[in-house]
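Enquirer: My questions will all concern the structure given below.
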Amino acid sequence: MTIPDQDTIIQALTAVQDPELHQDIVSLQMVKDIEIEETKITVTIELTTPACPLRETIENDIREVLLPLDGVEVVALEWTAQVKASVPREDQKVVEGVANIIAVASNKGGVGKSTVATNLAVALAASGAKTAIIDADITGPNIPTMFGLPAGLQAENTEGLRPIDKHGVQVVSLGFLLPKGTPVVWRGPMIGSAVRQLLHDVAWEGIEYLIIDLPPGTSDASMSMAQEAPIAGAVIVSTPQDVSLEDAMKAVSMFEKLDVPVFGMVENMSYFVAPDTGVTYDIFGHGGAKKAADELGIDFLGEIPIEPAIREGADRGVPVVVNAQDSDSAKAFTQIAGSVAARISVLQRMNI
Ligand SMILES: Nc1ncnc2c1ncn2[C@@H]1O[C@H](COP(=O)(O)OP(=O)(O)O)[C@@H](O)[C@H]1O
Ligand SMILES: [Mg+2]
């Protein structure tokens with residue numbers, strides 16, 4: 000019995016579709032290498048993101064078409080990833096060294112925007128993507144704390160802000176320039192220029208995903224940022240309460256007006272599972288964000304439970320994705336990060 004040759008294998012692989020791009024993996028040029036050793040075939044697949052949530056589906060589909068071929072006994076998969084850059088609109092200035100920008104927004108403070116931004120960044124980095132985060136919440140920069148970086152650590156620095164590597168993420172915050180607790184009074188134009196500096200004056204290198212933690216609301220800073228920065232898309236954070244949802248809807252319409260794609264809505268503080276009894280409580284209600292997302296015709300990205308470990312980790316500077324990988328919240332953050340990365344790949348494909 001002879002094992003099939005390259006051409007036969009490639010022909011068989013044309014039956015495998017990328018589940019998101021709805022096209023076969025051969026014509027998408029995702030098959031980078033095929034190695035044949037006796038009865039074993041090793042296929043190398045190049046994904047559009049290392050955070051690809053559907054790796055397993057692709058793997059199963061490949062096995063399903065190759066294993067029935069005569070002479071094939073073992074099918075092994077190897078993965079690589081090549082993240083492409085989003086193409087900015089004509090009126091937007093490219094951020095050098097950054098391929099894709101993801102904005103995390105809400106219209107209200109305290110809903111967990113920075114928590115979501117931080118954990119999405121850490122989850123993307125953990126998948127192997129080169130990831131950065133910018134703390135654009137200038138009036139209350141708390142990304143340093145959430146990453147366990149001291150406020151004011153670059154206050155004496157004459158060269159301006161530099162990214163600091165923490166939990167695998169390149170972190171930049173104006174909080175690095177200001178000692179903790181320094182009250183900052185910003186006027187609109189100052190905010191705009193500070194945010195611009197955060198984006199354009201930092202020497203970024205090879206960043207595949209840059210997360211921006213926007214200030215809450217449709218303030219000058221968010222507006223100018225969303226207008227000028229080539230944002231690939233926005234993630235809107237809300238709690239299940241009506242008041243917060245109303246606010247989230249405002250954020251959605253702001254991005255739509257500015258022609259920035261909205262990736263979808265995350266429901267934070269969605270439910271609470273009592274650790275002693277396992278009983279679930281919907282402290283702030285439940286499911287409201289999904290309903291709102293449906294009404295607005297945008298995706299619902301997932302729900303994050305209330306977990307004391309999230310708050311405790313945030314205060315200690317160890318995000319829950321690093322600290323408690325098996326928790327429901329860490330799993331949800333990782334899944335949401337994968338969905339967002341996949342959405343970026345799909346949008347890029349549509350723009351070709
Ligand atoms: N799902 C959650 N479970 C427990 N605590 C949370 C959760 N989400 C956020 N928190 C806590 O709530 C507070 C506000 O969250 P934060 O991310 O700073 O909100 P925002 O950036 O929207 O103002 C922080 O102390 C954070 O640790
Ligand atoms: Mg915040």
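Oh and the sequence shown: position 137 is 136 in my numbering, straight run, nothing missing. Even for Gly, the Cβ is constructed at its ideal location relative to N, Cα and C.
Which whole-angstrom value describes the C-beta separation of Ile-100 and Ile-230, a residue pair presumed to lie in contact below a C-beta threshold of 8 Å?
Expert: Confirmed, about 5 Å.
Enquirer: Determine the DSSP secondary structure at Asn-156, reduced to helix, strand or coil.
Expert: Three-state result, Asn-156: coil.
Enquirer: Is the beta carbon of Asp-212 closer than 7 Å to that of Ala-291?
Expert: In this structure, Asp-212 does not lie closer than 7 Å to Ala-291 by Cβ.
Enquirer: Given that a residue counts as buried once 16 or more other Cβ atoms are within 10 Å of its Cβ, and exposed if not, what is Leu-65?
Expert: Its Cβ being crowded by 16 or more others within 10 Å, Leu-65 is buried.
Enquirer: Skipping 5 residues on each side, what residues in its chain have a beta carbon closer than 6 Å to that of Ala-116?
Expert: Contacts found: Val-103, Ile-210, Asp-212.
Enquirer: Can at least three beta-carbon pairs, one atom from the region 336-349 and one from the region 82-101, be found at a separation below 8 Å?
Expert: Counting Cβ pairs under 8 Å, three or more are found: they touch.
Enquirer: Any idea what DSSP makes of Val-74, helix, strand or coil?
Expert: If DSSP states are grouped into helix, strand and coil, Val-74 belongs with the strands.
Enquirer: Compute the Euclidean distance between the alpha carbons of Ala-124 and Thr-13, then round it to the nearest angstrom.
Expert: Computed Cα separation, rounded: 31 Å.
Enquirer: With DSSP as the reference, please indicate the residues paired to Tyr-208 in a beta bridge.
Expert: Beta-bridge pairing links Tyr-208 to Asn-99, Thr-130.
Enquirer: Count the C-beta pairs between the region 253-270 and the region 315-322 that are closer than 8 Å, then say yes if the count reaches three, no if not.
Expert: No: fewer than three Cβ pairs fall under 8 Å.
Enquirer: Do Glu-207 and Val-74 have their C-beta atoms within less than 7 Å of each other?
Expert: Against a cut-off of 7 Å, the Cβ pair of Val-74 and Glu-207 comes out as no contact.
Enquirer: Exposed or buried, what is Lys-92 when buried is set at 16 or more other beta-carbons lying within 10 Å of its beta-carbon?
Expert: Burial call: exposed.
Enquirer: Relative to the alpha-carbon of Gln-5, which residue among Glu-19, Gln-22, Glu-36 has its alpha-carbon at the smallest distance?
Expert: Cα-wise, what sits closest to Gln-5 is Glu-36.
Enquirer: For ligand 2, I want to know if Ser-105 counts as a neighbour, meaning its beta carbon is within less than 6 Å of at least one of the ligand's heavy atoms.
Expert: No, since every heavy atom of ligand 2 falls outside the 6 Å radius drawn around the Cβ of Ser-105.
Enquirer: Are there any heavy atoms of ligand 4 lying less than 6 Å away from the beta-carbon of Val-345, as far as the coordinates show?
Expert: Absent from the structure shown: ligand 4. Ligands present: ligand 1 and ligand 2.
Enquirer: For Lys-112, is the beta carbon positioned less than 6 Å from some heavy atom of ligand 2?
Expert: Yes, Cβ of Lys-112 sits closer than 6 Å to a heavy atom of ligand 2.
Enquirer: Could you check where the alpha helix (DSSP H) with Ile-335 kicks off and where it finishes?
Expert: Here the alpha helix (DSSP H) through Ile-335 covers 327-350.
Enquirer: Do you know whose CA, among Asp-281, Tyr-280, Val-251, Gly-277, lies nearest Asp-298's CA?
Expert: It is Val-251.
Enquirer: Going by DSSP, name the residue or residues bridged to Asp-23.
Expert: DSSP lists Gln-16 as partners of Asp-23.
Enquirer: By alpha-carbon positions, which one of Gly-159, Gly-127, Val-30, Leu-257 ends up nearest to Ala-202?
Expert: Comparing Cα-Cα distances from Ala-202 to each of Gly-159, Gly-127, Val-30, Leu-257, the minimum goes to Gly-159.
Enquirer: Which residue comes first and which comes last in the alpha helix (DSSP H) that contains Ile-61?
Expert: Unbroken alpha helix (DSSP H) run through Ile-61: 54-65.
Enquirer: Within 10 angstroms of the Cβ of Glu-77, are there 16 or more other Cβ atoms? Answer buried if so, exposed if not.
Expert: That one is exposed.
Enquirer: If the criterion is Cβ atoms closer than 7 Å, does the pair Ser-328 and Pro-304 meet it?
Expert: Yes.
Enquirer: Can you check DSSP and say which residues form a bridge with Lys-39?
Expert: The partner list for Lys-39 (beta bridge, DSSP) reads Glu-36, Val-73.
Enquirer: Between the alpha carbons of Thr-279 and Glu-89, how many angstroms are there, rounded?
Expert: Roughly 49 Å between the two C-alpha positions.
Enquirer: Near Gly-296, what residues of its chain come up, given a Cβ to Cβ distance below 8 Å and the 5 sequence neighbours on each side ignored?
Expert: Once the five neighbours on either side are set aside, Gly-296 has no close Cβ partner at all.
Enquirer: In terms of residue numbering, what span does the beta strand (DSSP E) encompassing Asp-352 cover?
Expert: A query on residue 352 cannot be resolved here, the shown segment of the chain reaching from 0 to 351 and no further.
Enquirer: Could you give the first and the last residue of the continuous alpha helix (DSSP H) run that contains Gly-232?
Expert: No alpha helix (DSSP H) holds Gly-232; the beta strand (DSSP E) holding it covers 230-237.
Enquirer: Straight-line CA distance for Pro-3 to Thr-56?
Expert: The straight-line gap from Cα to Cα measures roughly 23 Å.
Enquirer: Between the C-alpha atoms of Thr-144 and Gly-277, what's the straight-line distance to the nearest angstrom?
Expert: Rounded to whole angstroms, Thr-144 to Gly-277 spans 31 Å at the Cα level.
Enquirer: Please identify the residue among Lys-31, Asp-164, Thr-114, Val-121 whose C-alpha is closest to the C-alpha of Pro-140.
Expert: Pro-140 has its Cα closest to that of Thr-114, out of Lys-31, Asp-164, Thr-114, Val-121.
Enquirer: If the criterion is Cβ atoms closer than 7 Å, does the pair Val-121 and Leu-198 meet it?
Expert: No, they are not a contact pair.
Enquirer: Over the uninterrupted beta strand (DSSP E) stretch that includes Gly-354, give me the two end residues.
Expert: Absent from the model: residue 354. The displayed extent of the chain is 0 to 351, so no value can be given.
Enquirer: In angstroms, rounded to a whole number, what distance separates the CA positions of Gln-153 and Thr-138?
Expert: Approximately 18 Å, taken between the alpha carbons.
Enquirer: Beta carbon of Met-29, beta carbon of Glu-19: below 7 Å?
Expert: In this structure, Glu-19 does not lie closer than 7 Å to Met-29 by Cβ.
Enquirer: If you compare alpha carbons, which of Pro-52, Gln-226, Gly-70 is closest to Ala-80?
Expert: The shortest Cα separation from Ala-80 among Pro-52, Gln-226, Gly-70 belongs to Pro-52.
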